[in-house]
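Participant:
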Amino acid sequence: KQEVTQIPAALSVPEGENLVLNCSFTDSAIYNLQWFRQDPGKGLTSLLLIQSSQREQTSGRLNASLDKSSGRSTLYIAASQPGDSATYLCAVRKGGTSYGKLTFGQGTILTVHP
Amino acid sequence: DTGVSQNPRHKITKRGQNVTFRCDPISEHNRLYWYRQTLGQGPEFLTYFQNEAQLEKSRLLSDRFSAERPKGSFSTLEIQRTEQGDSAMYLCASSFRDRNNEQFFGPGTRLTVL
Numbered sequence: 217k218q219e220v221t222q223i224p225a226a227l228s229v230p231e232g233e234n235l236v237l238n239c240s241f242t243d244s245a246i247y248n249l250q251w252f253r254q255d256p257g258k259g260l261t262s263l264l265l266i267q268s269s270q271r272e273q274t275s276g277r278l279n280a281s282l283d284k285s286s287g288r289s290t291l292y293i294a295a296s297q298p299g300d301s302a303t304y305l306c307a308v309r310k311g312g313t314s315y316g317k318l319t320f321g322q323g324t325i326l327t328v329h330p
Numbered sequence: 809d810t811g812v813s814q815n816p817r818h819k820i821t822k823r824g825q826n827v828t829f830r831c832d833p834i835s836e837h838n839r840l841y842w843y844r845q846t847l848g849q850g851p852e853f854l855t856y857f858q859n860e861a862q863l864e865k866s867r868l869l870s871d872r873f874s875a876e877r878p879k880g881s882f883s884t885l886e887i888q889r890t891e892q893g894d895s896a897m898y899l900c901a902s903s904f905r906d907r908n909n910e911q912f913f914g915p916g917t918r919l920t921v922l
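Those sequence lines, one after another, are chains C and R. Here the first sequence stands for residues 217 to 330, where the numbers follow my numbering. Here the second sequence stands for residues 809 to 922, where the numbers follow my numbering.
Below, the structure written as structure tokens:
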């Protein structure tokens, strides 16, 4: 059974700091990995998707890396802003005929203070 | 608005009552997923539709839960004889099979069972 763990559970940083969120998964036979952002009481917003054959993806100030063999992914946020405050979730899709269902971590609650 | 929509956004009900939620996916997406999220946890997979066919159900989906997707368009999730443990955020996501199966989520329906 796939298990996804995110560390740290919560993170508080001053504005402008660069930060890294970690995600690990137990079964390396994944199809892809997605990072999401969730604001309090809201749905999920897709940030980045990395295919199993890729090493990283970038979007603006966000960079996600994937090391499939070691079961790890990191989300790097450059020059953090108060508007980045949210819960960040990583999710993996199993390879094969899994119909694309995602297995999520518990999330990292990020607070960026001015 | 061409995103995933869900209705209602909030539902408060008494224990024992039946409730029904609706999800309208992105129009060209043929895959539709339901997830459940409790406070402080990541979403957990409930069920998956490809077009109108329900292809997978989680063991979390007890006999009191039923989901449909008539004609492969919108989907409904019904909970019969609600229990306090059903209180959660119910999230719907959709994807298009050929586009990396990137899943896009709706805003969710928050269910509170009193």
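By construction, the Cβ of each residue, glycine as well, lies at the ideal position given by its N, Cα and C atoms.
Identify which residue in R:E891, R:R830, R:Y841 has its Cα closest to the Cα of R823 of chain R.
Facilitator: Walking along the second sequence from the start, residue 823 of chain R turns up at place 15. The candidate whose alpha carbon is nearest that of R823 of chain R is R:E891.
Participant: Could you tell me which residues DSSP puts in a beta bridge with T920 of chain R?
Facilitator: Within the second sequence, residue 920 of chain R is the residue found at index 112, counting from 1. Per DSSP, R:I820.
Participant: Who are V827 of chain R's beta bridge partners in DSSP?
Facilitator: Taking the second sequence and counting its residues from 1, one reaches residue 827 of chain R at position 19. Answer is R:I887, bridged to V827 of chain R.
Participant: Run through DSSP, which three-state label would D871 of chain R get?
Facilitator: As a first step, residue 871 of chain R is located in the second sequence; it is residue number 63 there, counting from the start. Looking at D871 of chain R - three-state DSSP - the assignment turns out to be coil, as it is neither helix nor strand.
Participant: What in chain C is Cβ-close to G916 of chain R, meaning under 9 angstroms?
Facilitator: Within the second sequence, numbered from 1, the residue matching residue 916 of chain R stands at position 108. Chain C residues near G916 of chain R: G257, K258, G259, L260.
Participant: Please report whether the beta-carbon of Q911 of chain R lies at a distance below 8 angstroms from any beta-carbon of chain C.
Facilitator: The residue you call residue 911 of chain R lines up with position 103 of the second sequence. Yes, its Cβ sits closer than 8 angstroms to a Cβ of chain C.
Participant: Starting from the Cα of G232 of chain C, find the closest Cα among C:G299, C:L305, C:T324 and give me that residue.
Facilitator: If you number the first sequence from 1, residue 232 of chain C lands on position 16. Checking every option, the nearest Cα to that of G232 of chain C belongs to C:G299.
Participant: R839 of chain R versus chain C: which residues are under 9 angstroms apart at the beta carbon?
Facilitator: Sequence index remark: in the second sequence, residue 839 of chain R carries index 31 (1-based). The answer, in chain order, is Y315, G316.
Participant: When burial is assigned at 16 or more other CB atoms within 10 Å of the CB, is P851 of chain R buried or exposed?
Facilitator: Your numbering for residue 851 of chain R matches position 43 in the second sequence. Burial call: buried.
Participant: Based on the DSSP secondary-structure assignment, which residues constitute the bridge partners of Y304 of chain C?
Facilitator: Locating residue 304 of chain C in the first sequence gives position 88, where the first residue counts as 1. Paired residues: C:R253, C:T324.
Participant: If you draw a straight line from the C-alpha of A295 of chain C to the C-alpha of E272 of chain C, how long is it?
Facilitator: Here the question's residue 295 of chain C lines up with position 79 in the first sequence. Here the question's residue 272 of chain C lines up with position 56 in the first sequence. Cα to Cα, A295 of chain C sits roughly 19 angstroms from E272 of chain C.
Participant: Assign T327 of chain C to one of two classes, buried (16 or more other C-beta atoms within 10 Å of its C-beta) or exposed (fewer than that).
Facilitator: Taking the first sequence and counting its residues from 1, the one referred to as residue 327 of chain C is at position 111. Its Cβ having fewer than 16 others within 10 Å, T327 of chain C is exposed.
Participant: Which residue comes first and which comes last in the beta strand (DSSP E) that contains S275 of chain C?
Facilitator: Counting from one through the first sequence, the residue named residue 275 of chain C turns up at place 59. That run of the beta strand (DSSP E) goes 272 to 275.
Participant: Using beta carbons (cut-off 8 angstroms, strictly below), is F309 of chain C in contact with chain R?
Facilitator: Indexing the first sequence from 1 puts residue 309 of chain C at position 93. First, the residue type needs correcting, since residue 309 of chain C is Arg and not Phe in the sequence shown. At least one chain R Cβ lies under 8 angstroms of R309 of chain C.
Participant: Scan the segment 863 to 874 of chain R for residues whose Cβ lies nearer than 9 angstroms to a Cβ of chain C and list them as they occur along the chain.
Facilitator: The residues in question are L863, E864, S866.
Participant: Here's a check: name, in chain order, each residue in its chain whose Cβ is nearer than 6 angstroms to the Cβ of L771 of chain R, leaving out the five neighbours to either side.
Facilitator: Any answer about residue 771 of chain R is impossible in this case: the structure gives chain R only from 809 up to 922.
Participant: Does K284 of chain C come out as helix, strand or coil in the three-state DSSP assignment?
Facilitator: Residue 284 of chain C sits at position 68 when you count from the first residue of the first sequence. In the structure shown, K284 of chain C sits in coil (DSSP, three-state: anything other than H, G, I, E or B).
Participant: Give me the subset of the segment 817 to 836 of chain R whose CB atoms are less than 9 angstroms from a CB atom of chain C, sorted by chain position.
Facilitator: Here the close residues number zero.
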